[in-house]
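What follows is a short report on a single structure.
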Amino acid sequence: MKYRADVGWSPYLAGALSGLVLVLSVLIAGKYFGASTSFVRSAGMIEGLLSPDRVAQLAYFKSETPKIDWQWMFVFGIFLGSLISSVTSASFRWQALPDMWKNRFGSSISRRAIVAFLGAAVAMFGARLAGG
Amino acid sequence: MKVLIYGLVTGIFFGFLLQKGRVLRYDKQLGALRLMDMTIVKFMLSTVLVGMVGIYLLKDMGLIKLSIKSTNLGGNIIGGLLFGAGWGLLGYCPGTSAGALGEGRWDALWGIIGMLVGAAIFAEVYPTLKTTVLTWGNLGEITLPQVLGLSHWIIVAAMIVAALVLFWWFEKKGL
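So the protein sequences, as listed, match chains A and B.
Position one of the first sequence corresponds to residue 1 (this note's numbering), numbered consecutively onward.
Position one of the second sequence corresponds to residue 1001 (this note's numbering), numbered consecutively onward.
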């Protein structure tokens, strides 16, 4: 039963439908998909709570204003859409460690936290540098 | 306000489909990077194929504008290499980390926190990067059809054929 519930849809079908969602988004709202700029805006919003002067000084936050915009809501929507889909199909799983990780690196949560945190910081820095 | 609702609704549809395609998981993302499971590549390329045809159709009808990111070899190559290394360690990309959390894979939270820190560091060093890496190999807003001097429909057709061959090979190999 668990296996049956966890099969999902064909990635070709889900991917093609996502392409349709993209095309409709561009047609209706004039918005192309993206996610990483929202992390810049969020970082600016959080920094703004601690040190508004610093945020005002940084040139990057002048072009990427720290505020909630279309893309920020889009990223939040991805969270909600995934929540809705997984809860209604019994594939939601509260899990601290991915299976592949656990099999290779064991069950230490702090080890996963450190690697994920560092990897994420490097990945986001790279994404912003590459312009994506 | 309306634009925020469009963003939310679009995100919900996309997040729903990402979850249905089972592409939000660490095991799937690492599976693709380790060339063991091509689920993500199938999903992404299917999105690109449909998107490519739809966007160029709408553009030819004069209904939309393209949004072309300028090509900057220094930033694209160094940034891409860093992104790849970080992605391999984290196992989620920026958009899928939000989706993975929605599916209950809460190790994505470490990723979200790390990405906020990475973005903050980028903002700090941006003035230096702007006068160095980001000046290397600036080619402007170029596209493949423009560089090759071909109709965009020839490129679209070639991409579709290439993707279908790849899909056929994936299925044959059971990837």
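Cβ coordinates follow ideal geometry from the N, Cα and C atoms, glycine included.
Remember, predicted model here, so these are calculated numbers, not experimental data.
Residues that residue i contacts on chain B, provided the C-beta gap is smaller than 9 angstroms
i      : result
R112/A : D1107, W1110
Chain A residues whose Cβ lies nearer than 9 angstroms to that of residue i
i       : result
I1068/B : Those within 9 angstroms of I1068/B in chain A number zero; the least Cβ separation is about 10 angstroms.
V1050/B : G15, A16, L17, S18, G19, L20, L22, V23
A980/B  : Since the first residue of chain B shown is 1001 and the last is 1175, residue 980/B is not available in this structure.
Contacts of residue i in chain A (Cβ-Cβ under 7 angstroms)
i       : result
N1138/B : Going along chain A, no residue has its Cβ under 7 angstroms from N1138/B, so there is no contact; the nearest lies around 11 angstroms.
V1117/B : A121
M1044/B : G15
Test: residue i CB closer than 8 angstroms to a CB of chain B
i      : result
M1/A   : Legend: pLDDT at M1/A = 43, less than 50; position of this residue unreliable, no value from coordinates given.
Q58/A  : It is Leu, not Gln, that sits at residue 58/A in the sequence shown. Yes, because at least one Cβ of chain B sits closer than 8 angstroms to the Cβ of L58/A.
S107/A : no
L49/A  : no
K102/A : no
K31/A  : yes
Chain B contact residues for residue i, given Cβ-Cβ distances below 8 angstroms
i     : result
F74/A : G1007, L1008, T1010, G1011, F1014
P52/A : Those do not exist, as P52/A stays about 14 angstroms from chain B at its closest Cβ, beyond 8 angstroms.
Pairwise C-alpha distance: residue j and residue i
i       : j       : result
S86/A   : W9/A    : 12 angstroms
Q1146/B : A16/A   : 26 angstroms
L80/A   : G131/A  : 26 angstroms
S38/A   : A1098/B : 11 angstroms
G1114/B : D1060/B : 41 angstroms
V1156/B : L1049/B : 8 angstroms
G1054/B : F33/A   : 14 angstroms
T1132/B : V122/A  : 19 angstroms
I1005/B : F92/A   : 25 angstroms
S89/A   : D6/A    : 8 angstroms
K2/A    : L97/A   : In this predicted model, K2/A has a pLDDT of only 47, less than 50, meaning its place in the structure is not dependable enough to derive any value.
Element boundaries [alpha helix (DSSP H), containing residue i]
i       : result
G1140/B : Run containing G1140/B: none in the alpha helix (DSSP H); it sits in the beta strand (DSSP E), 1138-1140.
Y1092/B : Segment: none, Y1092/B is in no alpha helix (DSSP H) and carries neither H nor E.
S82/A   : 70-88
M1001/B : First-last for M1001/B: undefined, no H or E at that position.
S179/A  : No answer is possible for residue 179/A: it lies beyond the span of chain A, which begins at 1 and ends at 132.
P1145/B : 1144-1148
K1028/B : 1026-1033
L97/A   : Careful: L97/A lies outside any alpha helix (DSSP H) and carries neither H nor E.
Under 8 angstroms by beta carbon: chain A residues contacting residue i
i       : result
W1087/B : G119, A123
A1098/B : A35, V75, F76, I78, F79, S82
Beta-carbon neighbours of residue i, restricted to chain B and to distances below 7 angstroms
i     : result
D99/A : D1027
A90/A : Neighbours of A90/A on chain B: none; closest Cβ ~11 angstroms, over 7 angstroms.
Which of helix, strand or coil DSSP assigns to residue i
i       : result
T1132/B : coil
R111/A  : helix
Y128/A  : In the sequence on display, residue 128/A carries Arg and not Tyr. Looking at R128/A - three-state DSSP - the assignment turns out to be helix.
T1071/B : strand
Minimum Cβ-Cβ distance from residue i to chain A less than 8 angstroms
i       : result
V1165/B : no
E1103/B : yes
P1145/B : no
V1062/B : In the sequence as displayed, the identity of residue 1062/B is Gly instead of Val. For G1062/B, the answer is no, since every Cβ of chain A falls outside 8 angstroms of its Cβ.
T1039/B : yes
Residue i beta carbon near the ligand FMN (any heavy atom closer than 7 angstroms)
i      : result
R111/A : With respect to the ligand FMN, the structure shown offers nothing to examine, as it has no ligands at all.
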